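Residue numbers (this note's numbering): 175 to 455.
Where is the CB? At the ideal position from N, CA and C, for every residue including glycine.
This one's a predicted model, so the numbers in the text were calculated from it and none came from an experiment.
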């Protein structure tokens, strides 16, 4: 290279052809109400939502007149304060882990069910057991308490004779329609210090679910002598009792969906069967 050429090109004939480094375009999360301008059309508006099609992701912008338009989320397609940016959909925050169980107690993370206690909680039927598990299942596993159903209160005396309750081997019994003078009251008195019977005043455990949780104003009245579950389903248009049960069960997600008499009864039973054994009795 001649001196004249060197002077003409400043010492490096390739200097004028050197590639300039590409400026990085900022990536901005399109949070709701963020105001941006579409670089191609000049439309300026606030982010109000997103859409998706076979063409890809789009952002919805609403201008100050209320007009809403869709724009593709492409690289450097938008301006903020006159500077090009690449908009992306905001990242979803990880859902916070619940700190409370369905019963309202503190949730124990990484729970491994403890070895079952000798004590038991007995309920009248499978629906009672399912609702207790639905709300208090976490607590019962923490405490190692097993819930069993009796298939009817008439079996209580025989089951107690077989189980032989004693210190450290208590039995808690949850009873439907436990009101003064009822058959249930007569079957559950005088059972000894190691048996606790609690219950609720409702005809059936279904009725212990708050009507609001089911989207009804109140439980229908069913005349005495008519099967209560069948009568309820007929009056509410729920089909057969098995269909009604699915509605009842799915409506319960926490203790807030239950009436207070059932909540109090179950809590007392759990406390009773988990008390330390008193060997003096």
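Using CA atoms only, rank isn't needed, just tell me which of 325, 442, 312 and 248 is closest to residue 263.
For the purposes of this step, residue 263 is taken as the residue at position 89 of the chain shown. The residue with the shortest Cα to Cα distance from residue 263 is 248.
Determine contact between the stretch 373 to 383 and the stretch 341 to 353, defined as no fewer than three beta-carbon pairs at a distance below 8 angstroms.
Taking 8 angstroms as the limit for Cβ pairs, the verdict is that the stretch 341 to 353 does touch the stretch 373 to 383.
Do you know offhand how far residue 420's Cα is from residue 401's?
Residue 420 sits at position 246 when you count from the first residue of the chain shown. Residue 401 sits at position 227 when you count from the first residue of the chain shown. Residue 420 and residue 401 have their C-alpha atoms some 18 angstroms from each other.
Residues near residue 220 in its chain [Cβ-Cβ closer than 6 angstroms; skip 5 each side]
One-based indexing of the chain shown puts residue 220 at position 46. Annotation for residue 220: 207, 209 and 236 place their beta carbon closer than 6 angstroms to its own, counting only its chain and skipping 5 residues before and after.
DSSP has residue 323 in a bridge; who is on the other side?
Numbered from its first residue, the chain shown carries residue 323 at position 149. Beta-bridge partners of residue 323 (DSSP): 297.
Should the stretch 361 to 368 be called in touch with the stretch 302 to 309, which here means at least 3 C-beta pairs below 8 angstroms?
In the pairwise beta carbon analysis, the stretch 361 to 368 is classified as not touching the stretch 302 to 309: fewer than three pairs are separated by under 8 angstroms.
Spatial distance of residue 228 from residue 203 (CA atoms)
For the purposes of this step, residue 228 is taken as residue 54 along the chain shown, with counting starting at 1. For the purposes of this step, residue 203 is taken as residue 29 along the chain shown, with counting starting at 1. Rounded to whole angstroms, the separation of the alpha carbons of residue 203 and residue 228 is 22 angstroms.
Would you list the one or two residues that DSSP bridges to residue 253?
Start at 1 with the first residue of the chain shown, and residue 253 comes out as number 79. Per DSSP, the beta-bridge partners of residue 253 are 211 and 258.
Taking the alpha carbon of residue 334 as the point to measure from, which residue in 316, 295 and 318 has its own alpha carbon closest?
Position 160 of the chain shown holds residue 334. The option with the nearest alpha carbon to residue 334 is 295.
Distance between residue 345 and residue 454 (C-alpha atoms, nearest Å):
Residue numbering aside, residue 454 sits at position 280 when the chain shown is read from its first letter. Residue numbering aside, residue 345 sits at position 171 when the chain shown is read from its first letter. Unreliable placement is indicated for residue 454, whose pLDDT of 42 sits below 50; no coordinate value is reported for it.
State yes or no: is the C-beta of residue 298 within less than 7 angstroms of the C-beta of residue 327?
Mapped onto the chain shown, residue 298 falls at position 124. Mapped onto the chain shown, residue 327 falls at position 153. Yes; because the gap between Cβ atoms is below 7 angstroms, this pair is in contact.
Which first and last residues belong to the alpha helix (DSSP H) in which residue 425 is found?
Position 251 of the chain shown, counted from the first residue, corresponds to residue 425. Segment 415 to 425, the alpha helix (DSSP H) holding residue 425.
Using the C-alpha atoms, what's the distance from residue 391 back to residue 319?
Residue 319 sits at position 145 when you count from the first residue of the chain shown. Residue 391 sits at position 217 when you count from the first residue of the chain shown. Each residue's alpha carbon lies about 35 angstroms from the other.
Contacting residues, own chain, Cβ-Cβ under 6 angstroms from residue 189 (five flanking each side not counted)
Taking the first residue of the chain shown as position 1, residue 189 is located at position 15. Confidence at residue 189 is low in this model, with a pLDDT of 48, below 50, so its placement is unreliable and the value that follows should be read with caution. Nothing meets the Cβ criterion.
Let me know the secondary structure DSSP gives residue 439 once reduced to three states.
Translated into positions along the chain shown, residue 439 becomes position 265. Note: residue 439 maps to helix in three-state DSSP.
With DSSP collapsed to three states, give me the class of residue 403.
Translated into positions along the chain shown, residue 403 becomes position 229. Residue 403 falls in the helix class under three-state DSSP.
Given the structure, does residue 339 come close to the ligand ATP, in the sense that its CB is under 6 angstroms from one of the ligand's heavy atoms?
By its list of ligands, the structure shown contains no ligand whatsoever, and the ligand ATP lies outside what it can speak to.
Reference residue 222; option with closest CA among 386, 242, 216 and 341
Along the chain shown, one-based indexing puts residue 222 at 48. With distances taken between Cα atoms, residue 222 lies closest to 242.
Give me the Cα-Cα distance between residue 408 and residue 323, rounded to the nearest whole angstrom.
Looking up residue 408 in the chain shown gives position 234. Looking up residue 323 in the chain shown gives position 149. Between residue 408 and residue 323, the C-alpha separation is close to 27 angstroms.
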